[in-house]
Amino acid sequence: MDASTTAPPPLDAPSVIAVKRDGGELCDAQIDWVIDGYTQGRIAEEQMSALLMAIYLRGMTTAEITRWTAAMVASGQRFDFTDLRRDGKPLALVDKHSTGGVGDKITIALLPVVMACGGAVPQAAGRGLGHTGGTLDKLEAIPGFTAELSKNQIRQQLCELGAAIFAAGELAPADRKIYALRDITGTVESLPLIASSVMSKKLAEGARALVLDVKVGRGAFLKTEAESRALARTMVDLGTASGVPTRALLTDMNRPLGYTVGNAVEVVESLEVLAGGGPGDVVELTLALAAEMLDAAGIDGVDPAETLRDGSAMDRFERLVAAQGGDLRAGLPLGAATETVTAARGGVLTDVDAMAVAMAAWRLGAGRAEPGAPVQAGAGVRIHRRPGDPVTAGETVFTLYTDTPDRLPAALAELDDAWSVGDTAPPELPLLIDRLG
Ligand code: URA
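For the sequence shown, our numbering gives the first residue as 3, with consecutive numbering after it.
Following this line, the structure appears as structure tokens:
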């Protein structure tokens, strides 16, 4: 049939849902219509929920993901910081995003390291999604810290400090609505929906290069390495095709990162990293991502590890927090109700399941069960021993913190099968699995 005589696609929600439900491909006009209509409130929540579930079950073609992402970017503003200068030179604008991990506090120390090395990071950060924590929820555990920044403040911080961490706000507002709806409709774990969510925010925020930390394993949204690899490839291609050179590290998320999962507890652990200490895996991943960011931004001749040793990264963090209203001297809260889990026998800790620890932290109040609900700054889990560590009978393996004692039994139940003690050490799992881009 001649293209000029082809009937235009039906633009009504039941028809669009039916196309995806039946395994068809949405055309550009349908995608633009859905994203605009939902953002503007013309498409009902139940219709968008049905469409998201159809996408979750049927997937999307590369053409659909590309258009869906572009439509989400077009739903709001797109920042441009290319006019900004420091010492007369354009800023080295680079950002990082993780696909969501457990104990994933990396951004908190990574940004100051990159700032101290001369990078400029415009970071649109998210709140918790599903079982994973959000950088904003963690940083808001610092008394006074705000992520509601005006565009002028973001510009000023980028020039004067080298970073701003802000709620996406007017950037990709379609993602804000879809993200919240996915969280309550069982549609988080979808490659096209994760890729478009991450990349719409990142393409809109004004970074000139991007590094992605794509999680692999039990604590990741996509469970198999093949799926995570496909997600990484999709996002790298989306970014590069949109003029933002993008690369990705595939990193292990079978076990939690570091010794803490929650909000304030993770900030405290990040401060340890910034002070030159902290858990080895958190330091390793921070430095690997910093090296990628600096390379992507064209910064060479600096050693990111030195910024942790000489205090320059800590100095940047303190200035960043102060610029965003936070007061680190006020101390960080810890839930007053606690419970411990102890080892019944001695031996070697053979496993700690990231997903189960994440669910325990979520039940303690570190995450939200409804969109927009507050999280508890002091809720979380401290992991005292990590796989491979020796344990003795009666020794504490986990401490749980919450402001709501009623939450403790359900959190404890999540940890029942989350860990094991045996006689021989488990095999080492490499943290850095691969690099794409
Ligand atoms: N991070 C995001 O921004 N979106 C997702 O869907 C998952 C992780």
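Even for Gly, the Cβ is constructed at its ideal location relative to N, Cα and C.
Assuming valine 457 and isoleucine 385 make a contact with CB atoms under 8 Å, what is their CB distance in whole Å?
-> The shown model of the chain, from 3 to 439, leaves out residue 457, and the question about it has no answer.
For my contact list, leucine 252 and aspartate 97 are in at a C-beta cut-off of 8 Å; report their separation, rounded to the angstrom.
-> About 18 Å; that fails the 8 Å criterion.
Give the straight-line distance between the Cα atoms of leucine 151 and glycine 327, rounded to the nearest whole angstrom.
-> 10 Å
In terms of alpha-carbon separation, which member of Val104, Gly130 and Glu229 lies closest to arginine 257?
-> Val104
Taking contact to mean at least 3 C-beta pairs separated by less than 8 Å, is the region 389-406 in contact with the region 339-352?
-> yes
Closer than 7 Å by C-beta to glycine 439: which residues in its own chain qualify, once you throw out the five before and the five after it? Chain order, please.
-> Val238, Thr248, Arg249 and Ala250
For threonine 64, does the count of other Cβ atoms within 10 angstroms reach 16, so buried, or fall short, so exposed?
-> So threonine 64 counts as exposed.
Would the C-beta of threonine 101 count as close to the ligand URA, meaning under 6 Å from any of its heavy atoms?
-> With a threshold of 6 Å, the Cβ atom of threonine 101 counts as near the ligand URA, since some heavy atom of the ligand is closer than that.
How about alanine 356: is its C-beta nearer than 7 Å to some C-beta of chain C?
-> The structure shown has no chain C; it contains just one protein chain.
In the structure shown, what three-state DSSP assignment does valine 18 receive?
-> helix
Given a threshold of 16 other Cβ atoms within 10 Å of its Cβ, counted over all protein chains shown, does proline 194 qualify as buried or as exposed?
-> buried
What do you reckon, is the C-beta of serine 199 under 6 Å from a heavy atom of the ligand URA?
-> Yes - the ligand URA has a heavy atom lying nearer than 6 Å to the Cβ of serine 199.
Flag isoleucine 57 as yes when its Cβ comes closer than 6 Å to any non-hydrogen atom of the ligand URA, and as no otherwise.
-> For the ligand URA, not one heavy atom lies less than 6 Å from the Cβ of isoleucine 57.
Which of helix, strand or coil does DSSP assign to glutamate 341?
-> In this structure, glutamate 341 counts as strand in the three-state DSSP scheme.
From what residue to what residue does the alpha helix (DSSP H) around tyrosine 58 run?
-> 47-60
Check whether the Cβ atoms of isoleucine 110 and serine 314 lie closer than 7 Å to each other.
-> Contact flag unset, no.
Alpha carbon to alpha carbon, how far is glutamine 79 from valine 377? Give it in angstroms, no decimals.
-> 28 Å
Just the C-alpha distance for alanine 362 and histidine 133, rounded to the nearest angstrom, thanks.
-> 9 Å
Mind the definition here: the region 366-373 touches the region 308-325 only if three or more C-beta pairs lie below 8 Å; say whether that holds.
-> no
Tell me the start and end of each unbroken alpha helix (DSSP H) in the region 53-103 that is at least 4 residues and wholly inside, in chain order.
-> 64-76
Just the C-alpha distance for glycine 26 and glutamate 47, rounded to the nearest angstrom, thanks.
-> 22 Å
Segments assigned alpha helix (DSSP H), at least 4 residues, entirely inside the region 382-428 = List check, alpha helix (DSSP H) in window: 410-417.
Give me whichever residues DSSP pairs with glutamine 125 in a beta bridge.
-> Ile167
Looking only at DSSP bridge pairs, what is arginine 184 linked to?
-> Arginine 184 is not bridged to any residue.
Specify the secondary structure class of aspartate 302 as computed by DSSP and reduced to three states.
-> coil
Where arginine 2 and leucine 53 are concerned, what is the direct C-alpha to C-alpha distance, given to the nearest angstrom?
-> The chain is shown from 3 up to 439; residue 2 falls before or after that span and cannot be answered.
Please report the residue range of the beta strand (DSSP E) in which alanine 1 lies.
-> This structure cannot speak to residue 1, because the chain is shown only from 3 to 439.
Please report how far the alpha carbon of proline 145 lies from the alpha carbon of alanine 206, in whole angstroms.
-> Across the structure, proline 145 and alanine 206 are spaced so that their CA atoms are roughly 29 Å apart.
Going by Cα to Cα distance, which pick from Ala94, Thr41, Asp254 and Leu212 is closest to threonine 226?
-> Asp254
How should isoleucine 19 be labelled, buried or exposed, when 16 other C-beta atoms within 10 angstroms of its C-beta is the threshold for buried?
-> buried
Go ahead and pull the three-state DSSP assignment for aspartate 329.
-> coil
Leucine 322 in three-state terms, based on DSSP | helix
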